[in-house]
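Since the structure comes first, as structure tokens, the remarks are kept for the end.
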Amino acid sequence: MTDKENITEYSSELLGERYFKVRHKSGLDVYVYPKDMVTSYALFATRYGAFDDKFRKGGANGQLVETPSGVAHYLEHRLFANEDGSDSFEKFSAFGADANAYTSYDKTVYLFSCTENFEQALRELVTFVTHPYFTKENVDKERGIISQEINMNTDNPYVRCAANLYCAMYEHHPIRCDIGGTLESISRITPEMLGDCYNTFYKMSEMVLIVCGDHTPEEVISIIDKLLPDGGVEENVLPERRKEKREACIPRTEQKMNVGKTLFTIGIKDTDIPDTPMMRIKKETAMTVLNEILFSRAGRFFSQCFESGLIGASFSCDYSLCRDVAFNLMFGESDDPDRVLSELLEYIADVRKEGLSREDFERSKKVLYAGFLREFDSTEDIANNMVDFIFDGVDLFDYLDIIKDVAYEDVCSLLDTQFDRECISLSVISPL
């Protein structure tokens, strides 16, 4: 059982919620969020994603390692197959658990949800992720499966619209490449390469285990105690940060595909990325508030463009900030994407002259605040929010104060510095 002195409790008086952190003897950080709900949700994640195709072993002055794009995603696929020939997906199904995994730009996550047999499912999650098995035969077999995924993305107009935009905005950042890699890059992935990257990034000090459901930290630790050894001295790994010029590389890109309606994505490149995790999340929050003010369904831009038939109901926007890359996206359908961009720039110019409404500012903060509160009704949302905040070095409950502390002046300043034409690219997918 866990020593009470090794358990750190985090709580929110406002929410009436709490969770616990335990540093396991293996070096793994374990988070348990007790939630009296029918469904249990667990995820096992590592700080290794598609951006990590170049990194240094042993810190800033260590050995520089470069790998083909797609290795993190390839590893995610391979780990479900076990040395004894069994498949972990089938084991989860036998337990009545729904398992999955995903690779993003900055992490890889393995997860399951269940309403029964939680202990068996958690054992399987920890066991298969910590017992890799790579041979030339099974690595070559996986290459065909991943090739099909890459081809499916190539044929998906929505994926192509975003991918073409990233290539237009950025000159050499790995975001230009699909998370799964390319047919050429995955052809160079070997069992030895997978093993080396696994040993580098799948160390307990680089990973977290999060459990959300009707469970205690003592229960969770008692299960994984038998599965994980004591930790040893581990080598530091430092991802290489990429620098890009402020301006977008190509202002417009277009591709013809088999679509019934023209798709577009407008991207605003942002190279002003704060150095600390807390400052990054504060900026991301302020940008989310600004987007809500400018582009909500009740706002002037959407109303005018929608009522005139310029855009469809699918129009949306999203600001993303991840490590060394940030951008603001507006995407949807339109018969005249160039006019949408022109209208956008005119609208921003008008708002800059008029100034932002304080009433809209307060309303937008309340929308963001309420949306975050609703996510505490789901074990899945809680766990997935936690892994994002943990890897960003921020306490989950701090986000409520971060939203509260967003100042009107902060948002006005972002309005003045974002949306400059030289930072914008337009990606269009038009009918054949």
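In this text, residue positions in the sequence shown follow our numbering: the first is 276, and each later residue adds one. All C-beta atoms in this analysis are idealised placements derived from N, C-alpha and C, irrespective of residue type, glycine included. Being a predicted model, the structure only gives us computed values, none of them experimental.
Among the residues of its own chain, which have a CB less than 8 Å from the CB of residue i, if the five just before and after it don't count?
i      : result
Pro706 : Lys531, Met532, Asn533, Val534, Gly535, Lys536 and Thr537
Thr405 : Tyr477, Leu502 and Leu503
Ile262 : The displayed coordinates of the chain run from 276 to 707. Any statement about residue 262 would go beyond what the structure contains.
Asn357 : Ser363, Phe403, His406 and Tyr408
Val686 : Ala561, Val564, Leu565, Ile568, Leu631 and Phe636
Lys520 : Glu446 and Thr546
Between the Cα of residue i and the Cα atoms of the options, which residue gives the shortest distance?
i      : options                           : result
Thr654 : Ile568, Asp381, Tyr294 and Ser368 : Tyr294
Asp505 : Leu303, Tyr285 and Tyr644         : Leu303
Val564 : Leu440, Asp680 and Glu292         : Asp680
Phe539 : Tyr377, Thr465, Met554 and Ala438 : Ala438
Glu399 : Met554, Arg638 and Gly371         : Gly371
Asp327 : Asn336, Tyr306 and Leu350         : Leu350
Gly584 : Gly456, Ala443, Ala573 and Pro612 : Pro612
Gly594 : Ile548, Tyr308 and Arg696         : The sequence shown places Tyr at residue 594, not Gly. Of Ile548, Tyr308 and Arg696, the residue nearest in Cα terms is Ile548.
Val414 : Gln693, His352 and Thr475         : His352
Asn281 : Tyr323, Tyr306 and Ser287         : Tyr306
Thr560 : Asp652, Leu675 and Lys296         : Leu675
Arg331 : Asp625, Lys520 and Glu515         : Glu515
Ile699 : Phe367, Ile541 and Ala369         : Ile541
Val384 : Val401, Gly470 and Glu391         : Val401
Asp652 : Arg463, Glu292, Leu690 and Ile461 : Glu292
Arg627 : Met605, Thr692, Ser286 and Ala588 : Thr692
Within 10 angstroms of its Cβ, does residue i collect 16 or more other Cβ (buried), or is it exposed?
i      : result
Ala320 : buried
Glu417 : buried
Phe544 : The sequence given here places Lys at residue 544; Phe does not occur at that position. Lys544 should be labelled buried.
Asp278 : In this prediction, Asp278 has a pLDDT of 48, which is less than 50 and means its spatial position is unreliable; nothing more can be read from the coordinates.
Ser688 : exposed
Leu289 : exposed
Asp646 : Here residue 646 turns out to be Gly, not Asp, going by the sequence shown. By the neighbour-count rule (16 or more Cβ atoms within 10 Å), Gly646 is not buried but exposed.
Asn603 : buried
Ser617 : exposed
Ile485 : buried
Arg322 : buried
Leu631 : buried
Asn660 : buried
Ile499 : buried
Leu397 : buried
Asp550 : exposed
Met554 : exposed
Thr342 : buried
Val313 : exposed
Who are the near neighbours of residue i in its chain, counting only those whose CB is closer than 6 Å to its CB and skipping five residues on each side?
i      : result
Glu509 : Lys478 and Ser480
Phe590 : Gly607
Asp656 : Glu650
Along the chain, where does the alpha helix (DSSP H) containing residue i start, and where does it finish?
i      : result
Glu684 : Tyr683 to Thr692
Phe367 : Ser363 to Ala369
Asp373 : Per DSSP, Asp373 belongs to no alpha helix (DSSP H); it is in the beta strand (DSSP E), Asp373 to Thr378.
Ser286 : First-last for Ser286: Ile282 to Ser287, but that is the beta strand (DSSP E), not the alpha helix (DSSP H).
Leu458 : Leu458 to Ile461
Leaving out five residues on either side along the sequence, give the residues of the same chain with a beta carbon under 7 Å from the beta carbon of residue i.
i      : result
Pro552 : Asp667, Gly668 and Val669
Val600 : His448 and Ile450
Val434 : Asn428
Met276 : In this predicted model, Met276 has a pLDDT of only 35, less than 50, meaning its place in the structure is not dependable enough to derive any value.
Asn375 : Leu386
Asp635 : Ile568
Val642 : Glu567
Tyr473 : Leu350 and Pro407
Asn511 : Gly333 and Gly334
Leu458 : Ser422 and Ile425
Pro466 : Phe409, Thr410, Lys411 and Val414
What are the boundary residues of the beta strand (DSSP E) that residue i is part of?
i      : result
Val307 : Asp304 to Pro309
Met605 : Val600 to Glu608
Tyr477 : No beta strand (DSSP E) contains Tyr477, which DSSP labels as neither H nor E.
Tyr349 : Careful: Tyr349 lies outside any beta strand (DSSP E), inside the alpha helix (DSSP H) at Val346 to Arg353.
Val564 : No beta strand (DSSP E) contains Val564, which is instead part of the alpha helix (DSSP H) from Pro552 to Phe570.
Tyr316 : Ser315 to Thr321
Lys329 : Lys329 to Lys332
Ile677 : Ile677 -> not in any beta strand (DSSP E); alpha helix (DSSP H) instead, spanning Asp673 to Asp680.
Glu699 : Correcting the residue type first, residue 699 is Ile in the shown sequence and not Glu. Per DSSP, Ile699 belongs to the beta strand (DSSP E) from Ile699 to Pro706.
Check your understanding: Mind pulling the beta strand (DSSP E) runs of 3 or more residues that sit fully within the segment 390-444?
Key -> Note on the segment 390-444: there is no whole beta strand (DSSP E) run with a minimum of 3 residues.
*asked:* Please give me, in chain order, every unbroken run of the alpha helix (DSSP H) with length at least 4 that falls completely inside the segment 499-549.
replied: Counting whole runs of 4 or more residues, the segment 499-549 contains no alpha helix (DSSP H) stretch at all.
| task | Please list the segments of the alpha helix (DSSP H) lying wholly inside the segment 614-657, counting only runs of 4 or more residues, in order along the chain. | result | Entirely contained in the segment 614-657, the alpha helix (DSSP H) runs reaching 4 residues are, in chain order, 633-649.
key: Inside the segment 573-597 only - alpha helix (DSSP H) runs reaching at least 4 residues   = Qualifying alpha helix (DSSP H) stretches, in chain order: 575-582.
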